[in-house]
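Throughout the sequence shown, residue numbering follows this note's numbering, covering 665 to 1017 in sequence. Reading through the structure tokens given below for one structure.
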Amino acid sequence: MSRRTNIYDEITLRNQLEAEAFERTNLSFYRYVIIENTQETRDRLFTQLNRIGVLGRIYIAREGINAQISVPDHNLTEFIQILDSFPEFREMYLNFAIENKKDAFLKLIIKIRKKIVADGLKDDEFDVTNVGTHLTAEDFNRLLEDENSICIDMRNSYESEVGHFEGAILPEAETFRDELPEVLDILEEHKDKKILLYCTGGIRCEKASAFIKHHGYKDVYQLRGGIISYAQEIKEKDLPSKFLGKNFVFDERLGERITDDILAECHICGTKCDTHTNCKNPGCHVLMIQCPVCSEKLNGCCSDECKTILLLPESTQMEIRRTAKKQKSLIPFSKSRKHKSLYLPSQDNQINQ
Ligand SMILES: [Zn+2]
Ligand SMILES: [Zn+2]
């Protein structure tokens, strides 16, 4: 592997980016496809993308590819030609980002991994490449109205809580791994229906649709590019939004508003609210929905206990956290009504969702 990319420090890399006399397009793509020789594919892809100035992060596994990158605008055509030159990556669907932040990526990293998404599944038993039919926003809207269809939200409950498709079934699971068996149970009663799946950026539906098809269901569809692409397409084509509320995303905003509907409630007092936040006590950090009134009352904490701890000197707080860790208990004072032990996934697992 080339170590050249590591010799510059971050500031140098940022300055280089600043000095570039061209614009960059940020985009992501993924595909479940069997890649027989991951090392060879990785090296060839790295050489070619590096040559045209692509930056970003790509995972390659035997099960496929998952990429978040920025491409110099003047090399977009060549970039697509490069992807097309790999049989596994031909005619790749590209998700273009809404914002083209120039410093989104500082270097190109292509890693070989066991899996392209850390989904916690043991999935050797089914063909991950046998995915459902991809639908545009327009077709998804149309099939939602089909009496013979059912729509399932493939995200976690804390995501669907603040926004989801009208009439969609919202599983209660808080992880993708737990959600799949739950979805199979739900589907028992709907054996002959058209099954519509969606998630944030589409990648979870790839795995979910393959899993559902493996269990004998034939009519499986999924929203191409997820809610992110849906929101762009309905804007472009002036279509009605059948998605209500907020699309939960893993960045500072913790959500992008799609419609004005407020679907959720403050976990403390129950007023209509859909603002996700983490408890300000670092030893707790629980993810919750909290209204401005409760936030002020509790100093941004989830409970009086956390509020009290936050007022203690830093050294005392650290002592409390250490003790809690030693006792192997989660911090015992989270009183959030839901999501008691829910933490935002690490940056690494937030990719593409
Ligand atoms: Zn409240
Ligand atoms: Zn707390």
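Don't be surprised by glycine CBs; every beta carbon is placed ideally from N, CA and C. All values derive from a computational prediction rather than experimental measurement.
| request: Report yes if the C-beta distance between residue 716 and residue 739 is below 9 Å; otherwise report no. | output: Locating residue 716 in the sequence shown gives position 52, where the first residue counts as 1. Locating residue 739 in the sequence shown gives position 75, where the first residue counts as 1. In this structure, residue 739 lies closer than 9 Å to residue 716 by Cβ.
| message | ligand 4 and residue 816: does any heavy atom of the ligand fall closer than 8 Å to the residue's C-beta? | response | Annotation note on ligand 4: not contained in the displayed structure, which lists ligand 1 and ligand 2 as its ligands.
| field | Counted within 10 angstroms of its Cβ, other Cβ atoms place residue 873 as buried (16 or more) or exposed | value | Taking the sequence shown and counting its residues from 1, the one referred to as residue 873 is at position 209. The residue is buried, with at least 16 neighbouring Cβ atoms inside 10 Å.
| query | Is residue 970 near ligand 1, with its Cβ less than 8 Å from a heavy atom? | reply | The sequence position of residue 970 within the sequence shown is 306, counting from 1. No, since every heavy atom of ligand 1 falls outside the 8 Å radius drawn around the Cβ of residue 970.
| said: My parser needs the beta strand (DSSP E) runs of 3 or more residues fully inside the segment 736–789; what are they? | reply: 772–776
| said: At a cut-off of 8 Å, would you count residue 943 as near ligand 1, judging by its Cβ distance to the nearest heavy atom? | reply: Locating residue 943 in the sequence shown gives position 279, counting from the first residue. Not so, every heavy atom of ligand 1 lies at least 8 Å from the Cβ.
| With respect to 8 Å, is the separation between the Cβ of residue 934 and the closest non-hydrogen atom of ligand 1 below this value? | What you label residue 934 is simply residue 270 of the sequence shown in a count that begins at 1. Flag set: Cβ of residue 934 near ligand 1.
| task | With DSSP as the reference, label residue 881 as helix, strand or coil. | result | Position 217 of the sequence shown holds residue 881. In this structure, residue 881 counts as coil in the three-state DSSP scheme.
| query | Looking at residue 948 and ligand 2, is the gap between the Cβ and the nearest heavy atom below 8 Å? | reply | Along the sequence shown, read from residue 1 onward, the residue named residue 948 stands at position 284. Flag set: Cβ of residue 948 near ligand 2.
| request: Reducing DSSP to helix, strand and coil, say where residue 673 ends up. | output: Your numbering for residue 673 matches position 9 in the sequence shown. Here residue 673 sits in coil by DSSP.
| According to the neighbour-count rule (16 or more other Cβ atoms, all chains shown, within 10 Å of its Cβ), is residue 816 buried or exposed? | Taking the sequence shown and counting its residues from 1, one reaches residue 816 at position 152. It counts as buried.
| Just how far apart, CA to CA, sit residue 993 and residue 837? | By one-based count along the sequence shown, residue 993 stands at place 329. By one-based count along the sequence shown, residue 837 stands at place 173. Since pLDDT at residue 993 reaches only 48, below the 50 mark, its modelled position is unreliable, and the value read off the structure follows with that caveat. Going from the Cα of residue 993 to the Cα of residue 837 covers about 22 Å.
| Where residue 781 and residue 742 are concerned, what is the direct C-alpha to C-alpha distance, given to the nearest angstrom? | Taking the sequence shown and counting its residues from 1, the one referred to as residue 781 is at position 117. Taking the sequence shown and counting its residues from 1, the one referred to as residue 742 is at position 78. Cα to Cα, residue 781 sits roughly 27 Å from residue 742.
| Should residue 792 be listed as close to ligand 1, given that the test is whether its C-beta is under 8 Å from any heavy atom? | Indexing the sequence shown from 1 puts residue 792 at position 128. Residue 792: no, Cβ never under 8 Å from ligand 1.
| message | Whole angstroms are fine: how far does the CA of residue 805 sit from the CA of residue 913? | response | As a working note, residue 913 is residue 249 in the sequence shown. As a working note, residue 805 is residue 141 in the sequence shown. Taking the straight line from one Cα to the other gives about 22 Å.
| Skipping 5 residues on each side, what residues in its chain have a beta carbon closer than 8 Å to that of residue 933? | The count along the sequence shown starts at 1 and reaches residue 933 at position 269. Only 955, 957 and 958 meet the Cβ criterion.
| request: For residue 688, write down the residues that DSSP places opposite it in a beta bridge. | output: As a working mapping, residue 688 is identified with position 24 in the sequence shown. DSSP, once it has assigned bridges, lists 736 as partnering residue 688.
| CA-CA distance, residue 750 and residue 677? | One-based indexing of the sequence shown puts residue 750 at position 86. One-based indexing of the sequence shown puts residue 677 at position 13. The alpha-carbon atoms of residue 750 and residue 677 are separated by roughly 29 Å.
| said: Less than 8 Å separating the Cβ of residue 896 from some heavy atom of ligand 1? | reply: Numbered from 1 along the sequence shown, position 232 holds the residue referred to as residue 896. Every heavy atom of ligand 1 is 8 Å or more from the Cβ of residue 896, so no.
| Alpha-carbon spacing of residue 1018 relative to residue 859, whole angstroms | Limits of the chain in this structure are 665 at one end and 1017 at the other, which puts residue 1018 out of reach.
| With respect to the alpha helix (DSSP H) encompassing residue 849, which residues constitute its N-terminal and C-terminal limits? | What you label residue 849 is simply residue 185 of the sequence shown in a count that begins at 1. Taken as a continuous stretch (DSSP letters only), the alpha helix (DSSP H) holding residue 849 covers 840–851.
| For residue 699 and residue 721, the rounded distance between their alpha carbons | As a first step, residue 721 must be located in the sequence shown, where it is residue number 57. As a first step, residue 699 must be located in the sequence shown, where it is residue number 35. Looking at the two C-alpha atoms, the distance is approximately 18 Å.
| query | By Cβ distance below 6 Å, which residues in the same chain neighbour residue 679 in space, the five residues on each side in sequence not counted? | reply | Translated into the one-based positions of the sequence shown, residue 679 becomes position 15. Cβ within range, chain order: n/a, list empty.
| task | With DSSP collapsed to three states, give me the class of residue 993. | result | Residue mapping note: residue 993 aligns to position 329 of the sequence shown, counting from 1. Because the pLDDT of residue 993 is 48, which lies under 50, any placement of that residue in the model is unreliable, and the question is left without a value.
| Who pairs with residue 695 in a beta bridge, going by DSSP? | Position 31 of the sequence shown, counted from the first residue, corresponds to residue 695. For residue 695, which the question treats as bridged, DSSP gives the partners 729.
| query | Mind pulling the beta strand (DSSP E) runs of 3 or more residues that sit fully within the segment 939–998? | reply | 940–942 and 951–953
| message | Rounded to the nearest angstrom, what separates residue 684 and residue 693 at their Cα positions? | response | Here the question's residue 684 lines up with position 20 in the sequence shown. Here the question's residue 693 lines up with position 29 in the sequence shown. The straight-line gap from Cα to Cα measures roughly 24 Å.
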